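So the structure is just underneath, and the comments pick up after that.
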């Protein structure tokens with residue numbers, strides 16, 4: 025997932041200059057067609073059936089809502105989802121184009137290319153972290169890794185990003201934020217795959233992704249409103265917040281967006297720490313049973329493959345004797 029981010033920012037500039045926005049949108053539509061085709065031709069294996077999955081069978085709308093109900097009925101899992109909900113919100117506000125590129129552009133006199141450089145470095149770091157996780161074979165306590173990942177990425181990534189005012193600091197901050205992203209995502213996926221019965225994983229994964237990303241579409245709007253309307257005016261010379269935060273993020277153009285990113289980092293740190301304070305969240309990977317310890321249906325239905333020929337039913341014993 026991180027590989028496109030390495031060349032993406034540079035390639036986007038080249039494509040925009042060469043074929044314009046319309047050409048880029050056409051390429052985007054073609055990529056959707058390739059993805060859909062791949063899904064149509066892939067062989068999906070039959071999953072083992074469990075009592076949990078059989079009890080979930082119902083009308084379409086009820087099955088669509090099953091994943092939400094599954095999460096709501098398990099306090100520890102719900103708490104973990106709230107960690108992602110609020111963590112993604114603060115991270116989305118801090119890293120949206122509205123805030124990151126605007127801050128970099130204002131602090132460099134109108135040159136946003138440094139933001140692209142930092143994002144490319146972050147993609148390399150995330151790719152390296154993913155390769156490392158593959159090599160070591162995963163994480164023993166995934167929930168602890170999730171909470172620690174949120175804390176470290178927010179504290180040493182987003183806060184440093186807001187404080188920085190030149191390229192090397194932004195690169196270090198972006199790398200520190202990105203290096204923990206695979207840790208958080210891989211840990212969450214492995215946790216869900218271990219705890220959720222296979223025949224309901226699709227519904228629960230969809231609900232989990234929806235809850236985690238629900239606020240992301242609004243973050244650019246929130247970032248623009250807070251940055252331009254509140255923080256930027258308050259961090260100019262003589263502004264209301266200069267006396268409190270000027271020594272951290274400085275003053276002048278871009279300082280307001282920098283302060284907003286810094287505060288988002290602090291808020292994300294508190295979100296991760298809050299998970300450690302609640303045992304139902306901190307130890308949810310121990311409290312919830314693994315799906316392979318839950319009741320299964322011994323004789324799952326196998327797919328029927330027709331050969332095109334009909335077999336005659338065997339004769340009853342009485343008929344066989346009469347024939348003889």
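Numbering (the working numbering), first residue to last: 25 to 348.
Backbone N, C-alpha and C define an ideal beta-carbon position, used for all residues, glycine too.
Quantities reported herein were computed from a predicted structural model and do not represent experimental measurements.
Residue i, buried or exposed, once every other Cβ within 10 Å from all chains shown has been counted against 16
i, result
"residue 105", "buried"
"residue 70", "exposed"
"residue 133", "exposed"
"residue 162", "exposed"
"residue 183", "buried"
"residue 58", "exposed"
"residue 203", "buried"
"residue 117", "buried"
"residue 119", "buried"
"residue 159", "exposed"
"residue 309", "buried"
C-alpha distance - residue i paired with residue j, whole-angstrom precision
i, j, result
"residue 327", "residue 221", "For residue 327, the predicted structure reports a pLDDT of 44, less than 50, and the residue's modelled location is therefore unreliable. The matter cannot be settled from this model."
"residue 311", "residue 147", "35 Å"
"residue 324", "residue 174", "Bear in mind that the predicted position of residue 324 carries a pLDDT of just 47, short of 50, making it unreliable; the figure below should be weighed with that in mind. Distance between the alpha carbons of residue 324 and residue 174: 40 Å."
"residue 32", "residue 81", "42 Å"
"residue 306", "residue 113", "21 Å"
"residue 142", "residue 55", "26 Å"
"residue 315", "residue 101", "14 Å"
"residue 35", "residue 198", "19 Å"
"residue 99", "residue 170", "17 Å"
"residue 129", "residue 219", "45 Å"
"residue 189", "residue 131", "7 Å"
"residue 246", "residue 67", "42 Å"
"residue 329", "residue 227", "With a pLDDT of 43 at residue 329, under the threshold of 50, the modelled position of this residue cannot be trusted; read the value that follows with caution. So the two alpha carbons sit approximately 27 Å from each other."
"residue 232", "residue 88", "13 Å"
"residue 213", "residue 261", "47 Å"
"residue 172", "residue 43", "43 Å"
"residue 168", "residue 187", "28 Å"
"residue 52", "residue 63", "17 Å"
"residue 127", "residue 107", "27 Å"
"residue 47", "residue 164", "46 Å"
Residue nearest to residue i in terms of C-alpha spacing, selected from the options
i, options, result
"residue 166", "250, 142, 216", "216"
"residue 110", "223, 236, 307", "236"
"residue 200", "191, 168, 149", "149"
"residue 176", "136, 228, 294", "294"
"residue 287", "260, 181, 225", "181"
"residue 284", "85, 225, 178", "178"
Any non-hydrogen atom of the ligand PLP within 8 Å of residue i CB
i, result
"residue 216", "For the structure depicted, the ligand PLP is absent and the ligand set is empty, with no information on it obtainable."
Original post:
At a cut of 8 Å, does the segment 244-251 reach the segment 118-127 through at least three beta carbon pairs?
Top reply: yes
Original post:
Looking at C-beta atoms only, is the number of pairs between the segment 256-270 and the segment 150-159 that lie closer than 8 Å three or more?
Top reply: With a cut-off of 8 Å on Cβ pairs, the segment 256-270 is not in contact with the segment 150-159, counting fewer than three such pairs.
Subject >> Validate contact between the segment 237-247 and the segment 207-215 using beta carbons, cut 8 Å, 3 pairs >> reply: no
Subject >> Contact the segment 87-97 vs the segment 277-296: 3+ CB pairs below 8 Å >> reply: As far as the Cβ criterion goes, the segment 87-97 does not touch the segment 277-296, which means the pair count is below three.
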